[in-house]
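Participant:
In the numbering used here, the protein residues as written are 2 to 411.
This is the structure we're talking about:
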């Protein structure tokens, strides 16, 4: 019996608690703790990219120069100099309208998703998402009981004509959640023309956008186009993160909110945790204030591009005919579609037994999941480990196809 129904327990859960589910990815990561399992599952940045020495030096400076302030309660909005730095950096990337007053520091950008849903979503209200979309966003939004409206998408992102139909298909849609840059899970990037069309369709439909950009700095050959928020300042809330360019353990992100949304997000933040750790914010500011990221991020790009190339070659060599993927131009993920007769969820335990883990694609869909899809991360393992892991996965898929053929399964 659950605690809410057990006669011996005084705890009665709220209805929304039933909508809280464990992260599929987090559960799969537990499998990687088994001896001999190579994980292509988690979206974990390569630990070798963490700027340990720069963080050590910054921590020493903060504790030497401003220890009391760093260890004290702080403003809910965040550390002022860091908010100014974020606004200036985004302005240089095309978001010239951004002021520091619009920047709310959050405990990871995942908290930003939670705060936006808390402020914007009523039970039964539609929320639009790409097909597929980031699993963590579905998790963050679900407890507030939205009705998810899946927006048809292709290799360039959400289809503008599908957004234009939302007022008819999902009247009252509160916002649409979008990842234009190296999307999790598909790795796709939205080109310039599609960004223009998406924003125009959203403006016409009167549907604000929540633009999530954790991977935008991780491009390999060409920087992605300017953010959606640079094209519709009052209609786009923009989320960013330090997790992929510094270290995820800092749990430091931010929301750039239009003036109409910012006050309520701040109030929700105050109610949630008062403020994101001021010590972390001051340390990060010490690291980034003098142009460190401009020197550091290119080293991440170079490493990830090399690992991407290794995985692309391994996939070409080992995966059976009929397997589909597009080589990502940045980010951290390959998105595969297996041949007919293969269901990724069914293959996972066989893959783990063979020494490799991945994330099945089904949980990334709000509706009508494609059971043949799966996500592979190429940034955590070494090149040799990537080759071993993909080879093991290829053998598992080949074996599944042989078994399906023998069983007469199409």
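Just so it is clear, CB atoms sit at the ideal spot from N, CA and C, and this is done for glycine as well.
Along the chain, where does the alpha helix (DSSP H) that runs through residue 242 open and close?
Facilitator: Looking up residue 242 in the chain shown gives position 241. Careful: residue 242 lies outside any alpha helix (DSSP H), inside the beta strand (DSSP E) at 237-242.
Participant: If we call anything under 9 Å between Cβ atoms a contact, is residue 231 one with residue 37?
Facilitator: In the chain shown, counting from the first residue as 1, residue 231 sits at position 230. In the chain shown, counting from the first residue as 1, residue 37 sits at position 36. No, Cβ-Cβ distance for residue 231 and residue 37 is not below 9 Å.
Participant: On the premise that residue 118 lies in contact with residue 145, defined as a C-beta separation below 8 Å, what is that separation, rounded to the nearest angstrom?
Facilitator: Numbered from its first residue, the chain shown carries residue 145 at position 144. Numbered from its first residue, the chain shown carries residue 118 at position 117. Indeed they touch by this definition, with Cβ atoms about 5 Å apart.
Participant: Can you list, in chain order, the residues of its chain with a C-beta nearer than 7 Å to that of residue 387? Leave out the 5 residues immediately preceding and following it.
Facilitator: Within the chain shown, residue 387 is the residue found at index 386, counting from 1. The residues are 308, 311, 312, 315, 379.
Participant: Going by DSSP, what residue range makes up the alpha helix (DSSP H) through residue 108?
Facilitator: Your numbering for residue 108 matches position 107 in the chain shown. Unbroken run through residue 108: none, as it is neither H nor E.
Participant: With contact counted as at least three CB pairs below 8 Å, one residue from each stretch, are the segment 97-115 and the segment 259-279 in contact?
Facilitator: At 8 Å Cβ cutoff, the stretches touch.
Participant: Decide if residue 21 is buried, meaning its Cβ has at least 16 other Cβ atoms within 10 Å, or exposed.
Facilitator: On the chain shown, position 20 is the one that residue 21 refers to. Answer is exposed; the Cβ neighbour count stays below 16.
Participant: Let me know the beta strand (DSSP E) ranges lying completely inside the segment 251-301, each 3 residues or longer, listed in chain order.
Facilitator: For the segment 251-301, whole beta strand (DSSP E) runs of length 3 or above, ordered along the chain, are 254-257.
Participant: List in chain order: all unbroken beta strand (DSSP E) runs of 3+ residues lying wholly within the segment 354-386.
Facilitator: Complete beta strand (DSSP E) runs here, min 3: 374-378.
Participant: Residue 150 bridges to which residues according to DSSP?
Facilitator: For the purposes of this step, residue 150 is identified with residue 149 of the chain shown, where counting begins at 1. BP columns for residue 150 point to 129.
Participant: Between the alpha carbons of residue 297 and residue 280, how many angstroms are there, rounded?
Facilitator: Residue mapping note: residue 297 aligns to position 296 of the chain shown, counting from 1. Residue mapping note: residue 280 aligns to position 279 of the chain shown, counting from 1. Approximately 22 Å between the Cα atoms of the pair.
Participant: Just tell me which of 140, 158, 377, 282 has its CA closest to the CA of residue 131.
Facilitator: Counted from its first residue, the chain shown places residue 131 at position 130. Cα-wise, what sits closest to residue 131 is 158.
Participant: Under a three-way DSSP split, which group does residue 346 fall into?
Facilitator: Position 345 of the chain shown, counting from 1, holds the residue named residue 346. Helix at residue 346.
Participant: If you count every other CB in all the chains shown that lies within 10 Å of the CB of residue 368, and 16 or more means buried, which is it?
Facilitator: Here residue 368 refers to the residue found at position 367 of the chain shown. Exposed, because fewer than 16 other Cβ atoms sit within 10 Å of the Cβ of residue 368.
Participant: Who pairs with residue 334 in a beta bridge, going by DSSP?
Facilitator: The sequence position of residue 334 within the chain shown is 333, counting from 1. In DSSP, residue 334 forms a bridge with 378.
Participant: Closest to residue 264 by CA distance: which of 13, 17, 120 is it?
Facilitator: The count along the chain shown starts at 1 and reaches residue 264 at position 263. Taking only the C-alpha atoms, the option nearest residue 264 is 120.
Participant: Taking Cβ to Cβ, would you say residue 55 is nearer than 9 Å to residue 293?
Facilitator: Walking along the chain shown from the start, residue 55 turns up at place 54. Walking along the chain shown from the start, residue 293 turns up at place 292. Yes.
Participant: Could you check if residue 13 is buried or exposed, using at least 16 other CB atoms within 10 Å of its CB as the buried criterion?
Facilitator: Residue 13 sits at position 12 when you count from the first residue of the chain shown. Residue 13 should be labelled exposed.
Participant: Just the Cα atoms here: how many angstroms apart are residue 400 and residue 141?
Facilitator: Taking the first residue of the chain shown as 1, we reach residue 400 at position 399. Taking the first residue of the chain shown as 1, we reach residue 141 at position 140. For residue 400 and residue 141, the distance between alpha carbons rounds to 37 Å.
Participant: Determine, using beta carbons only, whether residue 333 and residue 133 come nearer to each other than 9 Å.
Facilitator: As a position in the chain shown, residue 333 is number 332, starting the count at 1. As a position in the chain shown, residue 133 is number 132, starting the count at 1. The answer is no: Cβ separation not under 9 Å.
Participant: Name the one or two DSSP bridge partners that residue 190 has.
Facilitator: Here residue 190 is taken as the residue at index 189 of the chain shown, counted from 1. For residue 190, which the question treats as bridged, DSSP gives no partner whatsoever.
Participant: Start and end of the beta strand (DSSP E) containing residue 179?
Facilitator: On the chain shown, residue 179 is found 178 positions in, with the first residue counted as 1. Here the beta strand (DSSP E) through residue 179 covers 177-179.
Participant: Leaving out the 5 sequence neighbours to the left and right, which residues in its chain are closer than 7 Å to residue 4 when beta-carbon positions are compared?
Facilitator: Walking along the chain shown from the start, residue 4 turns up at place 3. With a pLDDT of 49 at residue 4, under the threshold of 50, the modelled position of this residue cannot be trusted; read the value that follows with caution. Here the set comprises 10, 12, 14.
Participant: In three-state DSSP terms, what is residue 218?
Facilitator: Here residue 218 refers to the residue found at position 217 when the chain shown is read from its first residue. Coil.
Participant: Compute the Euclidean distance between the alpha carbons of residue 255 and residue 167, then round it to the nearest angstrom.
Facilitator: Position 254 of the chain shown, counting from 1, holds the residue named residue 255. Position 166 of the chain shown, counting from 1, holds the residue named residue 167. Using only the alpha carbons, I get a separation of about 28 Å.
Participant: Which one of 321, 177, 192, 77 has the shortest CA to CA distance from residue 213?
Facilitator: Taking the first residue of the chain shown as position 1, residue 213 is located at position 212. The option with the nearest alpha carbon to residue 213 is 177.
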